[in-house]
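Quick notes on the structure that follows.
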Amino acid sequence: DQQVKQNSPSLSVQEGRISILNCDYTNSMFDYFLWYKKYPAEGPTFLISISSIKDKNEDGRFTVFLNKSAKHLSLHIVPSQPGDSAVYFCAASAPGNTDKLIFGTGTRLQVFP
Amino acid sequence: NAGVTQTPKFRILKIGQSMTLQCTQDMNHNYMYWYRQDPGMGLKLIYYSVGAGITDKGEVPNGYNVSRSTTEDFPLRLELAAPSQTSVYFCASNAQGNEKLFFGSGTQLSVL
Numbered sequence: 001d002q003q004v005k006q007n008s009p010s011l012s013v014q015e016g017r018i019s020i021l022n023c024d025y026t027n028s029m030f031d032y033f034l035w036y037k038k039y040p041a042e043g044p045t046f047l048i049s050i051s052s053i054k055d056k057n058e059d060g061r062f063t064v065f066l067n068k069s070a071k072h073l074s075l076h077i078v079p080s081q082p083g084d085s086a087v088y089f090c091a092a093s094a095p096g097n098t099d100k101l102i103f104g105t106g107t108r109l110q111v112f113p
Numbered sequence: 114n115a116g117v118t119q120t121p122k123f124r125i126l127k128i129g130q131s132m133t134l135q136c137t138q139d140m141n142h143n144y145m146y147w148y149r150q151d152p153g154m155g156l157k158l159i160y161y162s163v164g165a166g167i168t169d170k171g172e173v174p175n176g177y178n179v180s181r182s183t184t185e186d187f188p189l190r191l192e193l194a195a196p197s198q199t200s201v202y203f204c205a206s207n208a209q210g211n212e213k214l215f216f217g218s219g220t221q222l223s224v225l
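Taken in order, these protein sequences are the chains called A and B.
Going by our numbering, the first sequence opens with residue 1, and the numbers climb by one from there.
Going by our numbering, the second sequence opens with residue 114, and the numbers climb by one from there.
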């Protein structure tokens, strides 16, 4: 049972345009969400997070939106750059299980010139 | 600033062999984790530790063992390697359970 789902395995976006990566979850107990970015042959690196008490968190070109009623979050990258080409994982945790992140399957973003 | 260091980066094992994946961190983090990533799948938690001397099972612990004798080191042991353990293994750490994870660069393991 996949509690965190990223239904788009890949996304291709032109440089300068907006990239929108989506993530859905099934466990209503999740209250903390994170996005990680992974380049080939490297470990994932933390990108941005959001708590369930917020519906938006912004950090430079990256914004995460949380829609609790729809159990959906999205990562917006504006403007997209070629260096953003990577695999993006969303992850979630529940209270009392903050040391057990549940990861989605990832979305491969390619930003072309 | 080494962060989380994993060795080896690549390894090929024969069925039934054993090996230890090494992980060390220099950030004085209490929490350490082992994840595996299979092709097209997300990261699955194998084992984790909230401090020296304390370990606990994650989502997919079968076939693995861990120990945590020091804050810095968290080795993962495969006793009888099986083809189903072919995967990329990531070690990670953080200061507390609800903080962002710092990952190592991974170990690509093939069991043939």
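Glycine included, each C-beta is placed from N, C-alpha and C at the ideal position.
Whole-number beta carbon distance between residue j and residue i, since they are thought to touch under 8 Å
{"i": "B/L158", "j": "A/F46", "result": "17 Å between Cβ atoms; not a contact."}
{"i": "A/S12", "j": "A/Q110", "result": "5 Å"}
{"i": "A/S85", "j": "A/I18", "result": "Not a contact, Cβ separation roughly 15 Å."}
{"i": "A/G43", "j": "B/G155", "result": "Rounded, the Cβ-Cβ distance is 14 Å, inconsistent with contact."}
{"i": "A/T105", "j": "A/Q3", "result": "That belief does not hold up - the Cβ atoms of A/T105 and A/Q3 are roughly 11 Å apart, past 8 Å."}
{"i": "B/G176", "j": "B/Q198", "result": "6 Å"}
{"i": "B/D139", "j": "B/A115", "result": "5 Å"}
{"i": "B/Y188", "j": "B/Q135", "result": "Contrary to the premise, residue 188 of chain B reads as Pro rather than Tyr in this sequence. About 5 Å separates the two Cβ atoms, so the contact holds."}
{"i": "A/S52", "j": "A/D31", "result": "4 Å"}
{"i": "B/S200", "j": "B/V179", "result": "With 8 Å as the limit, B/S200 and B/V179 do not qualify as a contact, their Cβ atoms being about 16 Å apart."}
{"i": "A/A70", "j": "A/M29", "result": "Incorrect: roughly 16 Å between the Cβ atoms, too far for contact."}
{"i": "A/L75", "j": "A/L34", "result": "About 10 Å; that fails the 8 Å criterion."}
{"i": "B/L222", "j": "B/K127", "result": "Not confirmed; about 12 Å, so no contact."}
Bounding residues of the beta strand (DSSP E) (the contiguous stretch that carries residue i)
{"i": "A/K54", "result": "Run containing A/K54: none; DSSP gives neither H nor E here."}
{"i": "B/T133", "result": "132–138"}
{"i": "A/L21", "result": "19–25"}
{"i": "B/R124", "result": "123–126"}
{"i": "A/S10", "result": "10–14"}
{"i": "A/R108", "result": "107–112"}
{"i": "B/D169", "result": "167–170"}
{"i": "A/D63", "result": "It should be pointed out that residue 63 of chain A corresponds to Thr in this sequence rather than to Asp. 62–67 is the extent of the beta strand (DSSP E) around A/T63."}
{"i": "A/S74", "result": "72–77"}
Beta-bridge partners of residue i, as assigned by DSSP
{"i": "B/M145", "result": "B/S162, B/S206"}
{"i": "A/F33", "result": "A/I50, A/A92"}
{"i": "B/N227", "result": "Because residue 227 of chain B is not part of the residues shown, which for chain B are 114 to 225, the question remains open."}
{"i": "A/V87", "result": "A/K38, A/R108"}
{"i": "B/L222", "result": "B/R124, B/S200"}
{"i": "B/K157", "result": "B/R149"}
{"i": "B/T118", "result": "B/T137"}
{"i": "A/V4", "result": "A/Y25"}
{"i": "A/T45", "result": "A/K37"}
Could you say if the segment 138–153 of chain B and the segment 197–211 of chain B meet the contact criterion of at least three C-beta pairs nearer than 8 Å? Yes, since at least three Cβ pairs between the segment 138–153 of chain B and the segment 197–211 of chain B fall closer than 8 Å, the two stretches touch.
How do the segment 85–99 of chain A and the segment 23–42 of chain A stand: do at least 3 beta-carbon pairs fall below 8 Å, yes or no? Yes, the segment 85–99 of chain A is in contact with the segment 23–42 of chain A.
Could you tell me whether the segment 99–107 of chain A touches the segment 179–192 of chain B, using the rule of 3 or more Cβ pairs below 8 Å? In this structure the segment 99–107 of chain A does not lie against the segment 179–192 of chain B, because fewer than three pairs of beta carbons, one per stretch, are closer than 8 Å.
Taking contact to mean 3 or more Cβ pairs, one atom from each stretch, closer than 8 Å, check whether the segment 127–138 of chain B and the segment 187–199 of chain B are in contact. These segments touch.
Is the segment 170–178 of chain B close to the segment 55–69 of chain A, with three or more CB pairs under 8 Å? Touching, no, given that fewer than three Cβ pairs across the two stretches are closer than 8 Å.
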